[in-house]
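Visitor: In the numbering used here, the protein residues as written are 14 to 382.
Right, dumping it as structure tokens:
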């Protein structure tokens with residue numbers, strides 16, 4: 014694959030879980046209004062807006078790995094603003110902008126890929142190679158699900174953070190998900206305190222989230238609220254709280270069976286306003302992050318106008334055929350329907366090549382924008 018050799022990850026756990034100290038990307042999780050002029054300019058260079066900056070997970074740049082920007086020859090985000098996305102960029106400026114935002118030093122790549130992308134762009138083989146697979150497996154993912162051959166989603170995909178087990182929360186922390194990031198919350202986030210509590214740093218608690226609640230006084234999670242998922246908890250002296258139940262997600266409306274593929278086409282000119290802030294997006298946004306798709310569908314596909322304009326995304330009758338796979342012509346490997354959409358820069362070419370022959374099996378993917 015195209016993944017370049019990453020820097021040494023022998024201390025990966027200590028790198029990505031120490032929320033209270035660097036290299037936790039503190040600039041990235043500061044509200045936009047608190048950034049310096051130089052940091053705002055760097056964020057704009059990376060195609061952030063104030064809204065997408067304040068909503069981690071909303072910007073397209075947060076779904077591609079560090080190596081992509083440094084090694085690719087395509088002008089993926091149209092850095093030079095000429096409308097050509099497939100030329101070598103004249104002035105990408107990615108590295109300088111990333112460094113201004115705190116992604117510097119030997120661990121910059123690892124911090125970016127964990128906190129920005131949560132390794133979304135990695136192949137499963139790389140998850141195994143860098144000892145990340147076990148964390149995703151704890152959250153219900155495995156190779157067939159990751160590459161889209163198995164189109165089912167794990168239960169955790171539609172669960173709020175408080176509904177996860179402590180083991181699942183620990184796995185999420187290894188993948189740089191805090192409670193706020195997992196629950197798709199808007200900045201500001203809370204911060205862990207510096208130093209130690211009961212002789213331990215917040216990193217120690219991130220390695221096993223159940224340790225957060227070992228002290229009945231709540232001293233551990235009060236000292237490390239970001240690590241322990243306790244940003245919104247009452248800081249008065251009370252026993253460790255019990256996780257609140259999470260309401261079952263609301264299913265998207267189901268229409269009558271679809272008679273042909275033409276009915277399962279998203280309207281690529283349609284836009285709608287996000288719930289959390291004033292930003293308009295299209296049908297494609299709902300499925301842009303495969304690990305957030307169920308949450309987004311539950312939140313937006315219940316809207317009749319969105320469901321009508323985005324049938325390939327919202328209508329269960331437009332689903333891909335479970336378990337269907339086909340042979341990729343260029344390397345002879347098998348792929349599932351979701352592979353068509355996995356790379357934003359290549360999805361149009363993939364759909365044009367494969368959908369004429371597999372469109373009846375990959376109805377949702379081939380009907381997407």
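C-beta: ideal position from N, C-alpha, C; glycine also.
So, with DSSP's three-state summary, where would you put residue 117?
Guide: On the chain shown, position 104 is the one that residue 117 refers to. Coil.
Visitor: With contact counted as at least three CB pairs below 8 Å, one residue from each stretch, are the segment 356 to 367 and the segment 306 to 317 in contact?
Guide: Too few Cβ pairs lie closer than 8 Å, so no.
Visitor: Relative to the C-alpha of residue 333, which residue among 343, 341, 353 and 186 is closest?
Guide: As a first step, residue 333 is located in the chain shown; it is residue number 320 there, counting from the start. Considering only alpha carbons, the answer is 353.
Visitor: Is the Cβ-Cβ distance between residue 188 and residue 214 less than 7 Å?
Guide: Taking the chain shown and counting its residues from 1, one reaches residue 188 at position 175. Taking the chain shown and counting its residues from 1, one reaches residue 214 at position 201. Against a cut-off of 7 Å, the Cβ pair of residue 214 and residue 188 comes out as no contact.
Visitor: What is the rounded straight-line gap between the Cα of residue 253 and the Cα of residue 238?
Guide: The residue you call residue 253 lines up with position 240 of the chain shown. The residue you call residue 238 lines up with position 225 of the chain shown. Any answer about residue 253 is weak, because its pLDDT of 44 lies below 50 and its placement is not dependable; what the coordinates show is given next. Approximately 12 Å, taken between the alpha carbons.
Visitor: Can you give me the Cβ contacts of residue 369 inside the same chain, cut-off strictly under 6 Å, excluding the 5 residues immediately before and after it?
Guide: The residue given as residue 369 occupies position 356 in the chain shown. Counting only Cβ-Cβ distances below 6 Å, and skipping sequence neighbours, we find nothing.
Visitor: Compare the Cα-Cα distances from residue 388 to each of 47, 184, 138 and 203 and report the closest residue.
Guide: Any answer about residue 388 is impossible in this case: the structure gives the chain only from 14 up to 382.
Visitor: For residue 293, which beta-bridge partners are listed by DSSP?
Guide: The count along the chain shown starts at 1 and reaches residue 293 at position 280. Answer by DSSP bridge pairing, in chain order: 286.
Visitor: Counting along the chain, where does the alpha helix (DSSP H) carrying residue 158 start and finish?
Guide: Translated into the one-based positions of the chain shown, residue 158 becomes position 145. Residue 158 -> alpha helix (DSSP H) spans 156 to 160.
Visitor: Could you tell me the boundaries of the alpha helix (DSSP H) in which residue 233 lies?
Guide: Along the chain shown, one-based indexing puts residue 233 at 220. Unbroken alpha helix (DSSP H) run through residue 233: 232 to 236.
Visitor: Taking the Cβ atom as the reference point for each residue, do residue 156 and residue 125 lie within a distance shorter than 7 Å?
Guide: Position 143 of the chain shown, counted from the first residue, corresponds to residue 156. Position 112 of the chain shown, counted from the first residue, corresponds to residue 125. No, the pair does not count as a contact, with Cβ atoms beyond the cut-off.
Visitor: Under 7 Å, do residue 129 and residue 151 count as touching if we go by C-beta distance?
Guide: As a position in the chain shown, residue 129 is number 116, starting the count at 1. As a position in the chain shown, residue 151 is number 138, starting the count at 1. It is not a contact, given that the beta carbons lie outside the stated cut-off.
Visitor: Exposed or buried, what is residue 351 when buried is set at 16 or more other beta-carbons lying within 10 Å of its beta-carbon?
Guide: Within the chain shown, the letter at position 338 stands for residue 351. Buried: at least 16 other Cβ atoms inside 10 Å.
Visitor: Along the chain, where does the alpha helix (DSSP H) that runs through residue 192 open and close?
Guide: Position 179 of the chain shown, counting from 1, holds the residue named residue 192. 192 to 195 is the span of the alpha helix (DSSP H), which, as asked, contains residue 192.
Visitor: How would you call residue 229, buried or exposed, if buried means at least 16 neighbouring beta carbons within 10 angstroms?
Guide: Here residue 229 is taken as the residue at index 216 of the chain shown, counted from 1. Classification for residue 229: exposed.
Visitor: Taking the alpha-carbon of residue 195 as reference, which of 75, 323 and 304 has the nearest alpha-carbon?
Guide: Numbered from its first residue, the chain shown carries residue 195 at position 182. If we check each option's Cα against that of residue 195, 304 comes out closest.
Visitor: Relative to the C-alpha of residue 381, which candidate in 344, 345, 285 and 276 has its C-alpha closest?
Guide: Here residue 381 is taken as the residue at index 368 of the chain shown, counted from 1. Of the candidates 344, 345, 285 and 276, the one whose C-alpha sits nearest the C-alpha of residue 381 is 276.
Visitor: Look up residue 213 in the DSSP assignment and say whether it is helix, strand or coil.
Guide: Indexing the chain shown from 1 puts residue 213 at position 200. In the structure shown, residue 213 sits in a strand (DSSP, three-state: E or B).
Visitor: Considering only the beta carbon of each residue, do residue 428 and residue 234 sit closer than 7 Å?
Guide: The chain is shown from 14 up to 382; residue 428 falls before or after that span and cannot be answered.
Visitor: Taking all protein chains shown into account, do 16 or more other C-beta atoms lie within 10 angstroms of the C-beta of residue 52, making it buried, or fewer, making it exposed?
Guide: By 1-based counting over the chain shown, the position of residue 52 is 39. Result: buried.
Visitor: To which residues does DSSP link residue 348 through a beta bridge?
Guide: Locating residue 348 in the chain shown gives position 335, where the first residue counts as 1. Bridge partners of residue 348: 339.
Visitor: Quick one: residues in its chain with C-beta nearer than 8 Å to the C-beta of residue 56, no 5 flanking neighbours on either side, listed in chain order?
Guide: Translated into positions along the chain shown, residue 56 becomes position 43. Hits under 8 Å: 45, 48, 66, 110 and 114.
Visitor: Excluding the 5 residues flanking residue 285 on each side, which residues of the same chain have their C-beta closer than 6 Å to its C-beta?
Guide: Taking the first residue of the chain shown as 1, we reach residue 285 at position 272. Within the same chain, residue 285 has close Cβ partners 319.
Visitor: Considering residue 364, what are the terminal residues of the alpha helix (DSSP H) in which it resides?
Guide: If you number the chain shown from 1, residue 364 lands on position 351. Taken as a continuous stretch (DSSP letters only), the alpha helix (DSSP H) holding residue 364 covers 360 to 371.
Visitor: Look up residue 390 in the DSSP assignment and say whether it is helix, strand or coil.
Guide: Shown here, the chain extends from 14 to 382; a query on residue 390 therefore has no answer.
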